[in-house]
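Each residue of the sequence shown is one higher than the last, beginning at 1 in UniProt numbering. No residue lacks a Cβ here, since even glycine has one placed at the ideal position from N, Cα and C.
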Amino acid sequence: MQVFLDQLWIARFALWDGFLLTVQIAAASILFGTLLGGIVGIQLSYAPWWLKLPFRLYVDIMRGTPVLVLILAAFYIPSVAGLSLGPTQAGILALSLFAGAHIGELLRGSLQAIPPGQAEAGRSIGLTFPQLLAYVLLPQAARSALPPWINTGVELIKGSSLLSMIGVGELLLKTQEIIGRNFMTIQFYVFAGILYLAINIVLDQLGKAVERRVGQH
Numbered sequence: 001m002q003v004f005l006d007q008l009w010i011a012r013f014a015l016w017d018g019f020l021l022t023v024q025i026a027a028a029s030i031l032f033g034t035l036l037g038g039i040v041g042i043q044l045s046y047a048p049w050w051l052k053l054p055f056r057l058y059v060d061i062m063r064g065t066p067v068l069v070l071i072l073a074a075f076y077i078p079s080v081a082g083l084s085l086g087p088t089q090a091g092i093l094a095l096s097l098f099a100g101a102h103i104g105e106l107l108r109g110s111l112q113a114i115p116p117g118q119a120e121a122g123r124s125i126g127l128t129f130p131q132l133l134a135y136v137l138l139p140q141a142a143r144s145a146l147p148p149w150i151n152t153g154v155e156l157i158k159g160s161s162l163l164s165m166i167g168v169g170e171l172l173l174k175t176q177e178i179i180g181r182n183f184m185t186i187q188f189y190v191f192a193g194i195l196y197l198a199i200n201i202v203l204d205q206l207g208k209a210v211e212r213r214v215g216q217h
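Structure follows, in structure tokens:
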């Protein structure tokens with residue numbers, strides 16, 4: 001145990017850098033994925049069929065493709081097209097596209113679950129469609145979409161560990177590099193697992209706090 005603690009102290013800065021990058025990647029992916037998912041969910045719910053079709057294809061393709069394949073595609077395909085994306089940028093792009101599809105689909109379900117009378121009441125008092133979305137539909141949809149949104153965030157944190165495959169120095173890759181120096185495989189993988197669990201617990205608790213606050217209004 002003492003040997004592990006000594007090695008842990010030596011590796012503290014590398015582990016912290018990997019932990020911090022994991023949190024930053026997950027936060028950016030959740031943010032961009034939520035913005036994209038909001039657009040997708042609204043289009044799937046209210047757009048005409050010809051405009052809805054490309055969004056439907058996007059959701060089906062993203063949800064049916066393994067996260068690792070999305071990450072590799074986001075890393076290699078832009079370079080073929082002449083775009084220069086670093087590993088971290090490619091990772092955030094892939095995870096954001098993944099999140100956008102899932103959040104868009106859950107928002108679509110939440111919007112379509114709202115009784116039609118809510119929209120009719122909004123129109124009867126002269127609300128425009130953007131006002132109807134902002135003041136009536138989206139607040140109600142957000143309440144029911146919040147729990148699965150938290151689950152999507154947890155999946156993004158777990159999915160970020162796959163970014164080590166393209167050389168992103170997140171927590172898993174830093175852990176593997178440390179193990180390559182001290183050969184303490186089980187100890188450091190267990191420690192990394194605890195750190196991933198801690199991030200997910202914090203996200204879960206924050207989500208529940210927001211859910212309770214929203215439920216009071």
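Euclidean distance between Cα positions of residue i and residue j
{"i": "Glu-155", "j": "Asp-60", "result": "18 Å"}
{"i": "Leu-171", "j": "Ala-90", "result": "17 Å"}
{"i": "Met-184", "j": "Ile-42", "result": "49 Å"}
{"i": "Ala-142", "j": "Asn-182", "result": "47 Å"}
{"i": "Glu-105", "j": "Arg-12", "result": "40 Å"}
{"i": "Thr-65", "j": "Gln-2", "result": "44 Å"}
{"i": "Met-62", "j": "Gly-180", "result": "34 Å"}
{"i": "Leu-163", "j": "Gln-118", "result": "43 Å"}
{"i": "Ala-14", "j": "Phe-55", "result": "41 Å"}
{"i": "Leu-132", "j": "Leu-93", "result": "31 Å"}
{"i": "Gly-207", "j": "Gly-38", "result": "18 Å"}
{"i": "Ala-81", "j": "Leu-51", "result": "26 Å"}
{"i": "Ala-121", "j": "Pro-48", "result": "22 Å"}
{"i": "Phe-129", "j": "Ala-27", "result": "30 Å"}
Backbone secondary structure at residue i - three-state DSSP
{"i": "Pro-48", "result": "coil"}
{"i": "Leu-21", "result": "helix"}
{"i": "Glu-170", "result": "coil"}
{"i": "Thr-175", "result": "helix"}
{"i": "Gly-126", "result": "coil"}
{"i": "Phe-183", "result": "coil"}
{"i": "Met-1", "result": "coil"}
{"i": "Ala-141", "result": "helix"}
{"i": "Ala-192", "result": "helix"}
Residue from the options with nearest C-alpha to residue i
{"i": "Phe-75", "options": "Pro-66, Leu-85, Ala-28 and Pro-139", "result": "Leu-85"}
{"i": "Asp-204", "options": "Leu-163, Pro-148, Gly-193 and Gly-180", "result": "Pro-148"}
{"i": "Gln-24", "options": "Gly-153, Ala-73 and Ala-145", "result": "Gly-153"}
{"i": "Trp-9", "options": "Leu-197, Ala-94, Ile-178 and Ile-194", "result": "Ile-178"}
{"i": "Ile-150", "options": "Lys-174, Ile-103, Ala-198 and Ile-186", "result": "Ile-103"}
{"i": "Asn-200", "options": "Ala-81, Ile-186, Phe-4 and Phe-19", "result": "Phe-19"}
{"i": "Leu-146", "options": "Asp-17, Leu-21, Val-168 and Leu-111", "result": "Leu-111"}
{"i": "Val-40", "options": "Ile-71, Gly-122, Phe-98 and Thr-88", "result": "Phe-98"}
{"i": "Leu-31", "options": "Arg-108, Leu-138, Trp-16 and Ile-157", "result": "Ile-157"}
### Message
At 4 residues or longer, what runs of the alpha helix (DSSP H) sit wholly inside the segment 43-118?
### Response
Secondary structure in the segment 43-118: the alpha helix (DSSP H) runs of 4 residues or longer, each lying completely within the stretch, are 49-64, 67-80 and 87-112 in chain order.
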